[in-house]
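Peer 1: Pasting a structure below so you can have a look.
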Amino acid sequence: MFLQLNDVGKTFEDKEKGKFEVFSNIDLSIDRKEFVSLLGPSGCGKSTLLSMVAGLEHATSGTIQLEDKQIKQAGPDRGMVFQQPSLFPWLNVRDNVTFPLKSTMSKQEAEKRADHFLKMVHLSRFKKHYTYELSGGMQQRVAIARALAMDPKVLLMDEPFGALDEQTRHILHDELIKIWEETQKTILFVTHSIQEAIKLSDRIIVMGTRPGRIIADYNVDIPRPRIRSDERVIEMEDKVMNLLKEEINKVLKEELNDELEYSY
Amino acid sequence: MNLNILIKRILFLVAVLGIWQLVFTAGILEEIIFPSPTSVWEALYNGFTTGDFLGALGASFRHLFIGLAMAIGFGTVIGVILGKSKQADETAGMYLIAMQSIPSIVWVPLAIMLFGFSEFAVIFVVVLGGTFVMALNVRTAIQSVPPQFIRAARTMGTRGISSFFRVEIPSSVPYFMTGLRLAWAFSWRALMAGELLSNGPGLGYSLAYAQDYARMDQVVAIIVIIGVIGAVVDQFVFSKLEKNVRNRWGLS
Chain A
3 MFLQLNDVGK
13 TFEDKEKGKF
23 EVFSNIDLSI
33 DRKEFVSLLG
43 PSGCGKSTLL
53 SMVAGLEHAT
63 SGTIQLEDKQ
73 IKQAGPDRGM
83 VFQQPSLFPW
93 LNVRDNVTFP
103 LKSTMSKQEA
113 EKRADHFLKM
123 VHLSRFKKHY
133 TYELSGGMQQ
143 RVAIARALAM
153 DPKVLLMDEP
163 FGALDEQTRH
173 ILHDELIKIW
183 EETQKTILFV
193 THSIQEAIKL
203 SDRIIVMGTR
213 PGRIIADYNV
223 DIPRPRIRSD
233 ERVIEMEDKV
243 MNLLKEEINK
253 VLKEELNDEL
263 EYSY
Chain B
0 MNLNILIKRI
10 LFLVAVLGIW
20 QLVFTAGILE
30 EIIFPSPTSV
40 WEALYNGFTT
50 GDFLGALGAS
60 FRHLFIGLAM
70 AIGFGTVIGV
80 ILGKSKQADE
90 TAGMYLIAMQ
100 SIPSIVWVPL
110 AIMLFGFSEF
120 AVIFVVVLGG
130 TFVMALNVRT
140 AIQSVPPQFI
150 RAARTMGTRG
160 ISSFFRVEIP
170 SSVPYFMTGL
180 RLAWAFSWRA
190 LMAGELLSNG
200 PGLGYSLAYA
210 QDYARMDQVV
220 AIIVIIGVIG
230 AVVDQFVFSK
240 LEKNVRNRWG
250 LS
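This is how it looks when you write it as structure tokens:
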């Protein structure tokens with residue numbers, strides 16, 4: 003398998019509150035070139051799981067392997083796009099994209115590469131701009147270009163469009179699909195939006211909470227481009243929504259101390 | 000700058016000078032303790048044409064630049080250590096604030112006992128004046144590097160010492176600039192305290208000298224010079240630099 007998670011678990015230890023298990027026994031196999039979404043309510047550990055694939059956090063138990071090599075720390079073979087663009091404000095757009103390339107190639111080569119990917123995200127005109135001059139959507143595009151420029155084996159995206167307005171989000175969805183088709187990258191995409199997951203992915207891994215676990219693994223067999231009014235899309239949305247309703251209720255109930263029974 | 004604001008400021012200055020002249024003409028106070036604006040202007044003019052003030056200014060700036068450069072160096076090293084090591088910060092961080100709260104003039108007797116009435120004693124006071132505030136700001140700078148930047152750098156294969164130089168240092172620049180501005184302001188005050196009690200040369204020494212000879216016009220003239228230099232350097236050098244950097248770093 004290309005990306006393989008075996009029996010992965012994560013437990014946080016807090017001196018005051020004691021141990022807290024985010025999830026355990028997560029098994030997941032992902033194929034090359036697959037676009038997979040991790041979907042779930044807040045607190046299910048989907049972002050933690052993604053951080054573990056990135057190598058930013060360690061698994062308490064189990065193993066994560068990329069092309070049969072165990073993941074021990076973060077590295078440029080896994081590009082990550084965070085919810086906050088996390089661009090460096092002291093560098094201009096192009097220098098942000100060449101940042102990860104500096105150590106492995108010459109300046110000209112790095113800049114050529116950066117320009118190629120900036121063109122892919124339609125920001126060629128802005129390569130000399132600084133981040134404070136860009137909108138949120140533009141910043142996130144730069145972050146995508148920066149991750150792609152490293153030519154990673156897998157692209158990890160942690161709610162990358164969560165902080166953007168509706169319109170910008172839809173535009174970026176379409177662009178991401180184009181980029182994915184063009185670059186043939188494997189993408190692991192974390193989201194809490196059912197529509198976003200259905201619109202983008204080949205496969206949706208639905209996670210439940212308390213404790214975090216995988217509750218469903220759907221293939222999305224709807225041809226792209228997917229339109230929200232498409233019957234198959236609506237049908238799928240209902241199916242996932244029904245599955246998640248219980249999980250969301252569980253979270254709300256806990257938060258509101260069982261004062262209210264919620265039903266959607 | 001807005002022309003309107005400039006006019007208001009000039010009018011204010013003219014008004015202050017006018018009231019000053021009026022009080023002087025009324026003759027309520029003796030001339031020896033209350034000089035006229037014109038005699039202060041003359042003292043300024045004579046001071047600069049004879050070269051006395053320029054010599055004193057040159058000496059003061061020499062003390063300041065040597066002292067400030069050392070303060071920035073020491074302050075940066077202390078600040079980085081405290082910012083990077085939680086152990087060091089927990090152990091020594093509090094004492095840094097204690098040291099910073101000691102007024103510079105308190106160090107003068109100590110400096111004189113250690114180094115005599117030398118220029119080195121003055122520089123010593125300037126160094127102490129600037130070091131702690133610089134260290135405090137550099138510590139804050141290092142501690143305020145967004146964790147998100149460090150995480151992002153790690154996913155790009157940049158960690159450890161490379162991350163320190165390529166991410167943490169550039170990310171710290173805005174706080175570093177604040178540290179510079181404050182270190183300058185504190186050093187400038189410390190310099191005057193040190194020079195007042197020194198054997199010269201320097202602007203502070205000239206001030207004490209003028210006092211000894213009861214030259215109130217010169218005393219006021221030198222105070223004006225000290226005020227103008229302090230304001231000009233802050234406004235046109237450090238505040239400007241700091242503002243530009245904060246803009247670029249997206250902090251304002």
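Protein chains in written order, with the working numbering: chain A, 3 to 266; chain B, 0 to 251. No residue lacks a Cβ here, since even glycine has one placed at the ideal position from N, Cα and C.
(1) Would you verify that the beta carbon of glutamate 241(B) is, or is not, closer than 8 Å to some beta carbon of chain A?
(2) Output, in chain order, the set of chain B residues within a Cβ distance shorter than 8 Å of threonine 133(A).
(3) Classify lysine 239(B): buried if its beta carbon has 16 or more other beta carbons within 10 angstroms, exposed otherwise.
(4) If the cut is a Cβ gap below 7 Å, which residues of chain B does alanine 76(A) touch?
(5) Cα separation between methionine 3(A) and serine 108(A)?
(6) Taking CB distances under 8 Å as the criterion, tell me whether phenylalanine 90(A) reaches chain B.
(7) What is the DSSP secondary structure of leucine 246(A), reduced to helix, strand or coil?
(8) Could you tell me which residues DSSP puts in a beta bridge with glycine 81(A)?
(9) Determine, using beta carbons only, whether threonine 154(B) and arginine 80(A) come nearer to each other than 8 Å.
(10) Identify the contact partners of valine 172(B) in chain A, using a Cβ-Cβ distance below 9 Å as the criterion.
(11) Could you tell me if lysine 114(A) is buried or exposed, where buried requires 16 or more neighbouring beta carbons within 10 angstroms of its beta carbon?
(12) For a quick check, are the C-beta atoms of valine 39(B) and valine 219(B) less than 8 Å apart?
(13) Drop a sphere of 10 angstroms on the beta-carbon of aspartate 160(A), count the other beta-carbons inside from all chains shown, and report buried for 16 or more, exposed for fewer.
(14) Starting from the beta carbon of glycine 139(A), find every residue of chain B whose beta carbon is closer than 8 Å, and list them in chain order.
(15) With 8 Å set as the bound, which would you pick, yes or no: does the beta-carbon of glycine 42(A) sit closer than that to a beta-carbon of chain B?
(16) Strictly below 7 Å CB to CB, what residues from chain A border phenylalanine 148(B)?
(17) At a CB-CB cut-off below 9 Å, which residues of chain B make contact with alanine 56(A)?
(18) Excluding five sequence neighbours on each side, which residues of the same chain lie with their C-beta closer than 7 Å to the C-beta of glycine 54(B)?
(19) Could you work out which residues of chain B lie near proline 162(A), taking near to mean beta carbons separated by less than 9 Å?
(20) Measuring CB to CB, does arginine 96(A) end up less than 8 Å from lysine 48(A)?
(21) Rounded to a whole number of angstroms, what is the C-alpha to C-alpha distance between glycine 129(B) and glutamate 18(A)?
(22) What does DSSP give as the partner residues of serine 63(A) in its beta bridges?
(23) Using the three-state DSSP reduction, which class does glutamine 186(A) fall into: helix, strand or coil?
(24) I'd like to check one pair, leucine 30(A) with isoleucine 216(A): are the Cβ atoms closer than 8 Å?
(25) Could you give the first and the last residue of the continuous alpha helix (DSSP H) run that contains aspartate 211(B)?
(26) For threonine 185(A), which of Arg171(A), Leu166(A), Leu157(A), Val208(A) has the nearest alpha-carbon?
(27) At a CB-CB cut-off below 9 Å, which residues of chain B make contact with phenylalanine 191(A)?
(28) Under a CB-based cut-off of 8 Å, is proline 225(A) close to chain B?
(29) Taking just the CA atoms, how far does arginine 127(A) sit from tyrosine 94(B)?
(30) I believe alanine 120(B) touches alanine 110(B) by the beta-carbon criterion, under 8 Å. Please report the beta-carbon distance rounded to the nearest angstrom.
(31) Spell out the partners DSSP gives leucine 221(A) in its beta bridges.
(32) Tell me whether aspartate 16(A) is buried or exposed, calling it buried when 16 or more other Cβ atoms sit within 10 Å of its Cβ.
(33) What are the boundary residues of the beta strand (DSSP E) that serine 26(A) is part of?
(34) Would arginine 234(A) count as contacting chain B if we go by Cβ distances under 8 Å?
(35) Are the CB atoms of alanine 145(A) and leucine 89(A) within a distance shorter than 8 Å?
(36) In this structure, does DSSP put threonine 106(A) in helix, strand or coil?
Peer 2: Short version:
(1) no
(2) Gly249
(3) exposed
(4) Arg153, Thr154
(5) 34 Å
(6) yes
(7) helix
(8) Beta-bridge pairing links glycine 81(A) to Leu157(A).
(9) yes
(10) Simply Trp92.
(11) Classification of lysine 114(A): exposed, given that the 10 Å Cβ count is below 16.
(12) A Cβ-Cβ contact shorter than 8 Å links valine 39(B) with valine 219(B).
(13) Answer is buried; the Cβ neighbour count reaches 16.
(14) Simply none; closest approach about 16 Å.
(15) With 8 Å as the cut-off, glycine 42(A) does not count as an interface residue toward chain B.
(16) In chain order: Ser88, Phe90.
(17) Arg150, Arg153, Thr154
(18) Excluding the 5 residues flanking it on each side, glycine 54(B) has same chain C-beta neighbours closer than 7 Å at Pro200, in chain order.
(19) Those within 9 Å of proline 162(A) in chain B number zero; the least Cβ separation is about 13 Å.
(20) Cβ distance not < 8 Å, so arginine 96(A) and lysine 48(A) don't count as in contact.
(21) 41 Å
(22) In the DSSP output, where bridge partners are listed per residue, serine 63(A) has Gly11(A).
(23) coil
(24) yes
(25) 202–211
(26) Leu157(A)
(27) By Cβ distance, chain B contributes nothing, its closest Cβ being about 16 Å from phenylalanine 191(A), past 9 Å.
(28) no
(29) 51 Å
(30) 4 Å
(31) Note on identity: in this sequence residue 221(A) is asparagine, with leucine being the wrong assignment. Arg205(A), per the DSSP bridge assignment.
(32) exposed
(33) The continuous beta strand (DSSP E) containing serine 26(A) extends over residues 20–32.
(34) no
(35) yes
(36) coil
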